[in-house]
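These notes concern the structure reproduced below.
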Amino acid sequence: MYSLQGIGKSFGGIDVLRDISLTLKPGQRLGITGANGVGKSTLINIATGFLKPDSGHIQLNNKTLTHQPAWAFAQAGIQRTFQNTRFLTTANLGEQLLLAARAPESKRRLTKLIELSGLQASLHLFPDEIPLPMLRKAEVIRGLAASPEVLFLDEPSAGLTTFELDQFGVFLQQNLGQKTALVVVEHRFDFMLMITDSVVEMQLNRGLVKRGADVKT
Amino acid sequence: MLKLDQITVQYGALTALNAVSLVITEGTISVIDGHHGAGKSSLLKAIIGAVPSKGNVWLDQHLISQRSPAYLLQAGVVLVPEGRQLFGRLSTRENLQFGLYVAGGRGSIEAALEYFPQLLPLLDKPAYVLSGGQAQMLAMARAMLANPRYLLADEPLMGLSEGPREQVWQILIDLRDRGVGILVTGEHIVTKGTVIQQHKIINNGSFELGE
Amino acid sequence: MDMYLASVLTNMTLIAFLALSAYLVLVVGEVSFGQQAFFGIGAYITASATALAGAHIFWGLLAGAIGGASCALLLGLLTIRLSGIYFAISTLCFAELLRFFLLHLRFTQSVDGRIIGPDGPEGFSNIRWIFENHYQVTDFLLLAVTCLIILLIVLFSLERSPIMLGARMVGNDPILAQSQGLNPTRYRLSFITLSGAVAGFGGGLFALFNTHIEPAMFGVMLGIHGLAYAVIGGLGSAVGPLLGVFLDIGLLESIRPLAAYRMIIFGGLVAFLLVFRPEGIISPRLVSRLKSRWRNRHV
Amino acid sequence: MDMLQTSIDGLMIGSTYALLGLSFALVFGIMRRINLAFGACLLFGASLAIYLEPILGWGAWGLFVVTIVGVALASAYVERLCFAPHSKRHGAVTAMVASFAVWMQLDEISSQLLPQRTHAFQGIEVPNFWWGEIFVRGDQLLHFVIALVSILVLYLLLYKTRLGLLIRATADSPDTAHLLGARVPWLGFIIFLLAGILGGLAAFMILSADGYVTPLFGLWSTFKGLIAMIIGGVGSLMGAVIGGLILGLVETHAGAVLGAEFRDMVTFGLVFLVLIIRPGGLMGVKIYRTDSLAQERV
């Protein structure tokens with residue numbers, strides 16, 4: 047169980063987030079949509095420990111993470127991807143994936159995920175030699191290798207064609223596992239419906255507003 | 009006439025913009041509508057020469073592709089960048105003066121303030137304390153002071169509530185009526201009546217057909 | 032071998048330790064102007080251990096490395112909140128403070144009728160281990176080169192392990208590193224400590240080779256040279272700093288006739304070189320390109 | 083009385099450091115770059131002036147003009163070769179190392195111009211005087227006045243002119259300034275030229291007071307300037323002046339109480355403490371925070 051309670055954040059006197067709360071059960075898949083500039087990225091950065099909220103609490107399985115550094119979030123099982131994908135350009139993909147999977151169990155899972163994704167042929171390539179759809183998959187695999195509690199995807203559709211996005215969605219659905227909760231920040235509604243079971247909309251100064259009929263949050 | 013001919017922008021393996029062509033005339037508003045990452049900012053930056061691109065940009069009869077933003081500014085093509093991009097540690101007044109000075113203008117900032125009365129009480133405050141709406145007004149005012157023939161406004165409505173949105177539109181319409189050619193980008197842009205002369209939907213770096 | 036050549040080569044080998052220690056700090060994304068301090072501390076400790084306590088060279092060098100590492104760890108802990116220029120300047124101050132400590136360190140003793148030990152600004156003379164053990168310059172060169180090769184082997188195996196990749200990630204993109212659960216502080220501290228050990232070890236060898244050391248030898252110019260070698264050589268591989276040392280000391284010694292003008296030429300050349308290869312000669316990009324070419328040939 | 087005299091002495095020496103710190107702060111505050119060759123530029127200008135003196139025969143005025151022009155030229159050269167090519171954000175280390183290489187180069191050129199260790203530098207002579215029971219060195223009082231005038235001039239330039247506004251905007255956000263059409267690359271050149279003129283003025287004043295030049299003058303200036311800037315708070319012009327004065331005060335008092343040999347240690351100890359306790363320096367805390375806030379935005 048992962049929860050954000052009453053999160054608030056302001057930059058230079060301007061409230062970007064005001065009293066945002068969110069609870070995720072294991073295996074839950076939530077989509078967050080909203081116009082540019084309403085604070086979706088800020089929310090992801092806070093939820094994954096890269097920004098510290100001005101107010102509110104972050105908890106994972108009754109353990110408080112609020113003031114922990116970002117690496118502690120990652121170690122506790124909160125993984126994320128980045129809007130433009132983020133890799134080191136001076137090491138090959140295989141090495142970087144291995145770095146993320148340090149436990150033997152994670153390594154086995156990683157090997158399996160690589161097989162399923164068809165990334166074997168790209169393992170010895172450097173990230174700037176790999177096409178974007180592959181990199182997106184690789185980034186998800188990197189996040190999933192250690193069986194995280196929550197995986198945050200930050201605009202995974204950016205730069206993908208509809209066809210590539212479909213494939214990416216299928217891959218996600220097949221490999222997320224039962225335990226991992228998923229949060230997708232996205233604006234492509236079709237994609238969101240495909241991989242999530244509820245969608246909330248983030249609105250300026252109003253926080254998360256339920257959207258659609260079968261909302262469970 | 010500002011004419012874009014087959015503009016392509018690539019960042020490494022990612023093609024942000026794929027052979028996009030567009031004509032903007034003076035005294036019109038053109039809209040490029042698309043979601044985050046669809047290539048809007050890349051297009052505007054390619055026009056002013058801030059990112060490397062392929063293809064040609066014509067201003068009237070002059071080929072102006074791949075020049076510097078400073079050159080384009082002198083030619084009258086002015087960008088209002090995404091996310092306002094104010095100089096946070098400078099005051100509102102100084103941000104405005106910057107707009108005037110880069111274009112070599114000699115006038116005063118008072119004229120521009122007629123359009124933006126809400127900036128008056130903020131003149132001596134550092135720009136980082138401004139709210140989203142105020143910041144957008146300042147960014148527009150700063151661009152206006154550079155005396156544009158063509159104004160490229162990147163996501164001017166981003167993060168604004170209803171009131172400020174209306175105001176941004178009003179200013180763009182006023183500018184258009186004074187003969188400025190305007191290119192606006194945004195996401196799900198909806199306007200009433202005949203505000204917009206040209207509306208393009210962009211997706212994955214290309215314009216979609218229709219509209 | 033020519034005595035002169037052997038001593039130039041030995042000097043290059045010893046300075047290589049310093050350059051490698053600067054390299055280790057650069058890998059985790061920081062710049063240090065203070066590696067000369069660990070070099071100096073190592074030199075003093077090794078000298079004391081061998082000349083005063085009569086320890087074997089092995090224990091002497093080990094003590095020097097540990098001493099350098101401890102000082103570096105202390106510096107790392109004190110500057111835990113600093114980065115960039117703030118860190119760089121604090122290392123400079125720390126090094127100057129340590130040098131000042133050495134300037135006032137007096138602990139002389141009579142051994143076999145000779146007064147030895149650190150004697151303030153006069154330094155530490157009569158570090159006679161290589162004489163007592165009848166080492167020729169070439170023997171010592173062999174010893175130093177062997178140590179350097181061992182260090183390189185260690186660094187290369189580190190390079191192949193995830194540790195070095197983690198360190199590069201911390202240095203290049205701390206945000207990415209944190210998202211992978213890597214603790215940047217821990218990496219920084221470990222690498223700064225390791226760099227202290229490498230510098231301290233090199234300093235120990237330096238003391239044994241020179242037989243006389245004094246605080247003035249460990250001024251900031253020494254450290255900046257080490258840093259410059261690492262940057263010029265490039266951060267792609269541990270070979271980079273060695274190349275930097277070779278280019279400066281090696282090439283410049285070979286154009287001795289131009290001695291008076293050599294810095295005018297060389298200083299300009301280095302600045303010019305950096306315009307075209309801002310990441311150094313053996314840049315991370317070059318290394319990755321070479322790796323992939325090698326790989327393609329062997330697939 | 084001794085205490086007062088020492089403090090006055092400290093402030094006077096400090097004003098010399100303030101001049102050096104100001105040049106450093108100008109470059110660092112605006113460009114976030116460290117120019118290690120700063121002192122070498124000063125040494126070069128002074129050496130050139132002494133070298134040309136018998137040829138030109140202009141006397142003290144010749145020294146004055148050639149020193150300032152020489153330093154400014156060297157500074158501009160350093161900018162073109164070491165800083166302009168590395169203007170990207172991650173180029174700071176490379177630029178610093180390049181400036182180190184040029185330091186070596188300029189040092190060597192200076193020693194070619196002036197082969198002996200010490201050379202007389204006959205600049206202006208300012209009489210010393212007694213103010214009540216306090217001895218005041220005229221030359222250092224003049225430094226103090228020049229430091230104040232320089233900061234006033236810089237203030238007017240930065241805050242009251244068009245160029246100043248462009249410079250400050252570029253310092254605030256180089257990318258935005260570029261996007262909005264400011265010609266950023268030349269601004270770096272202008273800054274270095276300004277810092278060079280200021281540094282040249284400082285070099286002339288300091289060497290006139292000393293009456294001679296040694297090859298160590300370069301290293302000494304770099305250190306004092308850097309430290310004055312760090313104590314006062316990197317990037318703040320007023321901070322650099324105050325930092326210089328504090329540095330002078332600390333040095334003279336430490337020298338008076340603990341003896342001359344402890345002077346430098348106290349200085350370095352102070353800087354180290356300032357850094358680990360107040361990383362932004364005494365005046366620059368705000369700037370440091372905004373910098374780290376900017377980094378925080380993922």
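Chains as they are written, first to last, in the working numbering: chain Z, 47 to 263; chain D, 9 to 219; chain R, 32 to 330; chain E, 83 to 380.
Ideal placement from N, C-alpha and C gives every residue a C-beta, glycine not left out.
In whole angstroms, what separates the C-alpha of residue i from that of residue j?
{"i": "Z/T131", "j": "D/S169", "result": "30 Å"}
{"i": "Z/G164", "j": "Z/L222", "result": "16 Å"}
{"i": "Z/V186", "j": "R/G197", "result": "19 Å"}
{"i": "Z/V246", "j": "Z/V255", "result": "5 Å"}
{"i": "E/A142", "j": "E/V295", "result": "15 Å"}
{"i": "Z/A80", "j": "D/G171", "result": "A quick correction: the sequence has Gly, not Ala, at residue 80 of chain Z. About 18 Å."}
{"i": "D/V188", "j": "D/R101", "result": "24 Å"}
{"i": "E/N210", "j": "R/L106", "result": "45 Å"}
{"i": "E/G330", "j": "E/L93", "result": "6 Å"}
{"i": "D/Q93", "j": "D/L87", "result": "11 Å"}
{"i": "D/V65", "j": "E/L101", "result": "49 Å"}
{"i": "R/I255", "j": "D/V31", "result": "56 Å"}
{"i": "R/G265", "j": "E/P167", "result": "17 Å"}
{"i": "D/I181", "j": "Z/I241", "result": "41 Å"}
{"i": "D/G194", "j": "D/M148", "result": "15 Å"}
{"i": "R/A228", "j": "E/V147", "result": "50 Å"}
{"i": "R/L134", "j": "R/P152", "result": "5 Å"}
Going by beta carbon distance, what residues of the same chain come within less than 6 Å of residue i, once the five residues before and after it are set aside?
{"i": "Z/H153", "result": "Looking at the sequence provided, one finds Lys at residue 153 of chain Z rather than His. Within the same chain, Z/K153 has close Cβ partners A147."}
{"i": "E/T98", "result": "H225, I288"}
{"i": "E/Y133", "result": "L195"}
{"i": "R/A82", "result": "I147, I158"}
Which residues mark the beginning and the end of the alpha helix (DSSP H) in which residue i is found?
{"i": "E/W302", "result": "299-314"}
{"i": "D/H207", "result": "Unbroken run through D/H207 is the beta strand (DSSP E), 206-211; no alpha helix (DSSP H)."}
{"i": "E/T296", "result": "Neither: E/T296 is in no alpha helix (DSSP H) and is coded neither H nor E."}
{"i": "E/A180", "result": "174-195"}
{"i": "Z/K86", "result": "86-93"}
{"i": "R/L93", "result": "88-109"}
{"i": "R/M294", "result": "293-307"}
{"i": "R/S38", "result": "34-58"}
{"i": "D/M148", "result": "140-153"}
{"i": "D/Q74", "result": "Segment: none, D/Q74 is in no alpha helix (DSSP H) and carries neither H nor E."}
By the DSSP assignment, the beta strand (DSSP E) with residue i in it spans what residues?
{"i": "Z/F198", "result": "196-200"}
{"i": "D/K11", "result": "10-19"}
Just to confirm my understanding: we take residue i, look at its own chain, exclude 5 residues before and 5 after, and list those with CB closer than 8 Å. What are they?
{"i": "E/I312", "result": "G325, V353, V356, L357, G363"}
{"i": "D/S99", "result": "L131, D132, K133, P134, A135"}
{"i": "Z/V62", "result": "K55, S56, G85, T88"}
Show which residues of chain E have a CB atom less than 7 Å away from the CB atom of residue i.
{"i": "R/F70", "result": "Under the 7 Å cutoff, chain E gives no residues; its nearest Cβ is about 18 Å from R/F70."}
Return yes when at least one heavy atom of the ligand HEM lies under 8 Å from the C-beta of residue i, else no.
{"i": "Z/I241", "result": "The model depicted lacks the ligand HEM and carries no ligand whatsoever."}
Going along chain E, which residues have a C-beta under 8 Å from residue i?
{"i": "D/L81", "result": "L262, G263"}
At a CB-CB cut-off below 7 Å, which residues of chain Z make contact with residue i?
{"i": "R/P315", "result": "T136"}
Residues of chain E with a CB under 9 Å from the CB of residue i: which are they?
{"i": "D/R75", "result": "In chain order: nothing, as chain E lies at least about 11 Å away."}
So which residues of chain D does residue i contact, with C-beta pairs closer than 7 Å?
{"i": "Z/E201", "result": "H44, G45"}
{"i": "Z/G83", "result": "M166, G167"}
Mind listing the chain R neighbours of residue i? Cutoff is C-beta to C-beta under 7 Å, in chain order.
{"i": "E/F350", "result": "C124, E127, L128"}
In chain D, which residues lie with their C-beta within 8 Å of the C-beta of residue i?
{"i": "E/S255", "result": "Q93, F95, G96"}
Below 7 Å CB to CB, which residues in the same chain sit around residue i once its five sequence neighbours on both sides are set aside?
{"i": "R/M195", "result": "L189"}
{"i": "E/A177", "result": "R115, C164, F165, H168"}
{"i": "R/G311", "result": "V262, I263, G264, G265, L266, G271"}
Quick test of the definition: if touching needs 3 or more C-beta pairs under 8 Å, does the region 113-120 of chain R touch the region 51-63 of chain R? A contact exists between the region 113-120 of chain R and the region 51-63 of chain R.
Would you call the region 61-75 of chain D and the region 13-31 of chain D touching, i.e. three or more CB-CB distances under 8 Å? As far as the Cβ criterion goes, the region 61-75 of chain D touches the region 13-31 of chain D, which means the pair count is three or higher.
Decide yes or no for the touch test of the region 46-55 of chain R against the region 78-98 of chain R: beta carbon pairs closer than 8 Å, at least 3 of them. Judged by Cβ distances under 8 Å, the region 46-55 of chain R makes no contact with the region 78-98 of chain R, as fewer than three pairs qualify.
Contact between the region 203-218 of chain R and the region 112-131 of chain Z: three or more CB pairs below 8 Å? Enough Cβ pairs lie closer than 8 Å, so yes.
If we count Cβ pairs, one from each stretch, closer than 8 Å, do we get three or more for the region 99-116 of chain D versus the region 282-295 of chain E? Contact between the region 99-116 of chain D and the region 282-295 of chain E is not established, with fewer than three Cβ pairs separated by less than 8 Å.
Do the region 225-239 of chain Z and the region 76-92 of chain Z touch if we need at least three Cβ pairs shorter than 8 Å? Cβ pair count under 8 Å is three or more, so yes.
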